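Notes to accompany the following structure.
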Amino acid sequence: MTGIRLTAPAPGWAIDADVVVVGSGVAGLTTALRCAAAGLATVVVTKARLDDGSTRWAQGGIAAALGEGDTPEQHLDDTLVAGAGLCDETAVRTLVTEGPDAVRRLIDTGAHFDTTDTGAIALTREGGHHRRRIAHAGGDATGAEISRALVGAVRSAALRTIENALVLDLLTDAEGRTEGVTLHVMGEGQHDGVGAVHAPAVVLATGGMGQVFSATTNPPVSTGDGVALALRAGAEVSDLEFVQFHPTVLFLGADSEGQQPLVSEAVRGEGAHLVDASGTRFMLGQHELAELAPRDIVAKAITRQMHLQGTEHMYLDARHFGAAMWEQRFPTILAACRAHGIDPVTQPVPVAPAAHYASGGVRTDLRGRTTVPGLYACGEVACTGVHGANRLASNSLLEGLVFAERIAADIVDGPRADPGTASGRPPVVNPAGTHTVPLLTAESRTAIQRIMTRGAGVIRSAGSLATAAEELEALQRAAAAADEDGPKDAVPGVEAWEATNLLLVSRVLVAAAREREETRGCHWREDRPDRDDAAWRRHLVVRIAPDRQPFVSSTDSAAFPPVRPRDPADPTDTALSAGLRNHPADAPEEP
Numbered sequence: 003m004t005g006i007r008l009t010a011p012a013p014g015w016a017i018d019a020d021v022v023v024v025g026s027g028v029a030g031l032t033t034a035l036r037c038a039a040a041g042l043a044t045v046v047v048t049k050a051r052l053d054d055g056s057t058r059w060a061q062g063g064i065a066a067a068l069g070e071g072d073t074p075e076q077h078l079d080d081t082l083v084a085g086a087g088l089c090d091e092t093a094v095r096t097l098v099t100e101g102p103d104a105v106r107r108l109i110d111t112g113a114h115f116d117t118t119d120t121g122a123i124a125l126t127r128e129g130g131h132h133r134r135r136i137a138h139a140g141g142d143a144t145g146a147e148i149s150r151a152l153v154g155a156v157r158s159a160a161l162r163t164i165e166n167a168l169v170l171d172l173l174t175d176a177e178g179r180t181e182g183v184t185l186h187v188m189g190e191g192q193h194d195g196v197g198a199v200h201a202p203a204v205v206l207a208t209g210g211m212g213q214v215f216s217a218t219t220n221p222p223v224s225t226g227d228g229v230a231l232a233l234r235a236g237a238e239v240s241d242l243e244f245v246q247f248h249p250t251v252l253f254l255g256a257d258s259e260g261q262q263p264l265v266s267e268a269v270r271g272e273g274a275h276l277v278d279a280s281g282t283r284f285m286l287g288q289h290e291l292a293e294l295a296p297r298d299i300v301a302k303a304i305t306r307q308m309h310l311q312g313t314e315h316m317y318l319d320a321r322h323f324g325a326a327m328w329e330q331r332f333p334t335i336l337a338a339c340r341a342h343g344i345d346p347v348t349q350p351v352p353v354a355p356a357a358h359y360a361s362g363g364v365r366t367d368l369r370g371r372t373t374v375p376g377l378y379a380c381g382e383v384a385c386t387g388v389h390g391a392n393r394l395a396s397n398s399l400l401e402g403l404v405f406a407e408r409i410a411a412d413i414v415d416g417p418r419a420d421p422g423t424a425s426g427r428p429p430v431v432n433p434a435g436t437h438t439v440p441l442l443t444a445e446s447r448t449a450i451q452r453i454m455t456r457g458a459g460v461i462r463s464a465g466s467l468a469t470a471a472e473e474l475e476a477l478q479r480a481a482a483a484a485d486e487d488g489p490k491d492a493v494p495g496v497e498a499w500e501a502t503n504l505l506l507v508s509r510v511l512v513a514a515a516r517e518r519e520e521t522r523g524c525h526w527r528e529d530r531p532d533r534d535d536a537a538w539r540r541h542l543v544v545r546i547a548p549d550r551q552p553f554v555s556s557t558d559s560a561a562f563p564p565v566r567p568r569d570p571a572d573p574t575d576t577a578l579s580a581g582l583r584n585h586p587a588d589a590p591e592e593p
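For the sequence shown, my numbering begins at 3 and goes up steadily by one.
Shown next, in the form of structure tokens:
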């Protein structure tokens with residue numbers, strides 16, 4: 003345990019449950035539905051509305067070996083290639099073998115996928131896939147349909163939900179076992195202000211952290227809250243340096259910030275071409291799959307062309323689709339482009355890479371368990387080992403489905419999961435040794451995003467990362483100084499808590515990116531342009547020391563060692579999981 007918590011008022015209200023799920027995307031709602039079906043008192047906490055997370059923004063679809071002639075083994079092979087040597091093969095095999103049935107259960111829940119004239123599920127291709135295995139809905143509105151079906155099922159099951167609630171920190175008992183979360187409900191309702199949900203099992207399904215960067219496809223709520231909570235609770239995180247930049251995001255101008263419109267990889271899957279201003283296809287000869295190469299390869303190729311030609315974007319040309327195909331297959335993208343004055347039926351679409359997906363996150367085993375007893379993680383917030391150094395297109399929704407079901411099964415079968423019973427150990431809100439994190443001002447959010455975009459964006463180097471680390475540390479020192487001197491510039495509240503979370507995950511990301519001195523997957527070091535399997539075909543694992551400094555260790559191979567939960571009965575047990583090697587150069591400085 004780190005003893006670190008956000009500065010926040012004490013909880014003014016509390017409710018009890020068997021399980022609390024934080025997040026309402028495909029991972030969170032699937033977990034909640036499975037737990038509730040087993041008779042467990044389940045509470046869903048979500049930062050905005052139930053359908054307001056990243057899932058509903060997913061366009062392309064969900065990957066699974068559902069088509070004739072396709073097999074889980076072929077899906078596994080494509081996933082391993084995209085992961086650039088860092089996928090945990092056991093985790094990938096779990097994903098691809100359990101995936102098809104998980105998709106069928108999603109259909110049974112009420113999700114409607116597009117079908118062919120014969121009634122079979124319509125399948126398309128995306129980058130890195132050698133077969134058509136992407137199921138989609140509403141043309142390019144797959145996430146919205148999945149969200150609709152799951153939210154409807156949650157409403158029908160009358161699950162208890164707390165919307166517009168920002169999770170703050172993990173609650174534990176006196177021995178360090180999970181006992182719930184503290185949270186802040188924004189706006190009036192049944193609960194308001196800071197409160198708590200007491201539960202012996204907490205599932206983090208909080209989504210990504212794309213708001214670390216200035217331009218991202220992620221919604222505004224994606225501020226890394228789950229990763230930050232887990233770090234403060236003492237959990238290990240892994241592979242945070244591997245942030246996937248989607249190659250084709252609608253270019254709205256060099257100064258455009260915040261959530262940017264995505265142009266799905268499925269557009270290239272249906273035959274669109276990447277071209278420069280002269281109309282030349284530059285992906286030919288770069289990879290056997292050309293425009294359908296894995297995302298890291300396409301993003302790098304676009305970035306190289308931009309640098310070579312001194313331009314701020316490239317183009318996606320799908321004029322040959324014709325109006326009917328655009329309107330039927332990609333109505334969401336067509337509307338977004340036209341809203342910004344671009345008609346893809348008659349014009350090439352300007353595109354550039356933007357932050358899209360965190361391949362890393364809170365390290366888990368194959369049952370979603372973290373290194374903190376009773377704390378689980380699922381979906382983008384988690385690192386199961388499935389994605390390696392670069393996520394294969396449309397594997398994210400599948401991962402959320404498969405591992406959500408595994409988490410629910412583990413909780414239901416667990417020793418503390420008798421429906422309607424509590425652990426009998428009251429949570430300790432402020433245990434001995436607790437110290438709070440100085441909060442940042444709301445304005446710090448923009449500063450963090452610009453620091454990270456300059457220093458840890460698509461292209462990185464030792465120099466850019468060192469500058470980013472120094473600037474992030476300066477923000478933390480300034481917050482600490484303001485906290486000591488008073489009056490505080492930052493008062494507890496949503497904007498301050500989000501900025502503080504962004505700073506923590508940014509510092510950990512930069513620490514890992516500085517350590518990995520190679521280029522692999524979506525981690526591109528211009529000063530270390532080659533992949534180095536001998537030295538770096540291994541995972542970096544980070545935890546936070548009590549002095550809030552990142553502490554980096556590595557695995558011995560591409561396979562994850564078993565997750566080793568801390569012994570709650572031993573307060574001195576702060577060791578990392580067995581099989582990890584400390585990196586002395588990155589050890590925290592003595593206070």
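Glycine included, each C-beta is placed from N, C-alpha and C at the ideal position.
Predicted model, so just to flag it, every value in this text is computed and none were measured.
Between the Cα of residue i and the Cα atoms of the options, which residue gives the shortest distance?
{"i": "GLY324", "options": "PRO548, GLY370 and ASP345", "result": "ASP345"}
{"i": "THR455", "options": "THR218, LEU172, HIS289 and ALA480", "result": "THR218"}
{"i": "THR48", "options": "GLN288, VAL205, ILE413 and LEU8", "result": "VAL205"}
{"i": "ILE17", "options": "THR163, GLY87 and THR521", "result": "THR163"}
{"i": "THR73", "options": "VAL98, ASP54 and THR92", "result": "VAL98"}
{"i": "ALA303", "options": "THR313, GLY312 and MET285", "result": "MET285"}
{"i": "SER463", "options": "ARG527, TRP59 and GLY370", "result": "ARG527"}
{"i": "GLY465", "options": "ALA515, ALA498, GLU165 and ALA167", "result": "ALA515"}
{"i": "TRP15", "options": "ALA449, HIS200 and THR557", "result": "HIS200"}
{"i": "ALA155", "options": "ASP90, VAL94 and THR33", "result": "THR33"}
{"i": "GLY390", "options": "ARG36, GLY69, LEU78 and LEU68", "result": "LEU78"}
{"i": "SER26", "options": "THR92, ALA122 and ASN166", "result": "ASN166"}
Can you grab the Cα-Cα spacing for the pair residue i / residue j, in whole Å?
{"i": "THR386", "j": "THR366", "result": "5 angstroms"}
{"i": "LEU442", "j": "ASP415", "result": "41 angstroms"}
{"i": "ALA12", "j": "GLU407", "result": "34 angstroms"}
{"i": "LEU2", "j": "ASP298", "result": "Outside the shown range of the chain (3 to 593) lies residue 2, about which nothing can therefore be said."}
{"i": "THR208", "j": "ALA536", "result": "35 angstroms"}
{"i": "GLY62", "j": "ARG530", "result": "33 angstroms"}
{"i": "ILE335", "j": "GLY236", "result": "41 angstroms"}
{"i": "GLY140", "j": "ASP116", "result": "7 angstroms"}
{"i": "ASP194", "j": "GLN451", "result": "30 angstroms"}
{"i": "THR174", "j": "VAL24", "result": "16 angstroms"}
{"i": "VAL364", "j": "ARG509", "result": "15 angstroms"}
{"i": "VAL512", "j": "GLU519", "result": "12 angstroms"}
{"i": "SER266", "j": "VAL353", "result": "11 angstroms"}
{"i": "THR373", "j": "ALA19", "result": "22 angstroms"}
Please look up how many angstroms separate the CB atoms of residue i and residue j, rounded, as I've assumed it's under 8 angstroms.
{"i": "ALA65", "j": "ASN397", "result": "5 angstroms"}
{"i": "GLY5", "j": "PRO548", "result": "6 angstroms"}
{"i": "LEU403", "j": "VAL28", "result": "6 angstroms"}
{"i": "THR184", "j": "ALA198", "result": "5 angstroms"}
{"i": "VAL105", "j": "ALA137", "result": "7 angstroms"}
{"i": "ALA356", "j": "PHE247", "result": "6 angstroms"}
{"i": "ALA229", "j": "VAL383", "result": "Note that residue 229 is Val in the sequence shown, not Ala. At roughly 6 angstroms, the Cβ-Cβ gap stays under 8 angstroms, so VAL229 and VAL383 are in contact."}
Tell me residue i's beta-bridge partners as DSSP assigns them.
{"i": "CYS385", "result": "ARG365"}
{"i": "HIS541", "result": "Beta-bridge pairing links HIS541 to no other residue."}
{"i": "ARG522", "result": "HIS525"}
{"i": "SER508", "result": "Paired residues: none, contrary to the question."}
{"i": "VAL156", "result": "According to DSSP, VAL156 bridges with nothing at all."}
{"i": "VAL105", "result": "Answer is none; VAL105 lacks a bridge partner."}
{"i": "ALA167", "result": "VAL187"}
{"i": "PRO352", "result": "TYR317"}
{"i": "ILE64", "result": "ALA137"}
{"i": "VAL45", "result": "VAL22 and ARG162"}
{"i": "GLY457", "result": "DSSP output for GLY457 lists no bridge partner at all."}
{"i": "THR218", "result": "GLN261 and ALA357"}
In or out: residue i buried (at least 16 other Cβ within 10 Å) or exposed?
{"i": "SER446", "result": "buried"}
{"i": "ILE148", "result": "buried"}
{"i": "ALA268", "result": "buried"}
{"i": "VAL493", "result": "exposed"}
{"i": "THR118", "result": "exposed"}
{"i": "ASP109", "result": "Here the sequence assigns Ile to residue 109, which means Asp is not the residue at that position. Its Cβ having fewer than 16 others within 10 Å, ILE109 is exposed."}
{"i": "ASP103", "result": "exposed"}
{"i": "ARG51", "result": "exposed"}
{"i": "HIS186", "result": "buried"}
{"i": "ASP310", "result": "With the sequence shown as reference, residue 310 is identified as Leu, and Asp is not the correct amino acid for it. Exposed is the call here."}
{"i": "SER158", "result": "exposed"}
{"i": "GLU517", "result": "buried"}
{"i": "ARG270", "result": "buried"}
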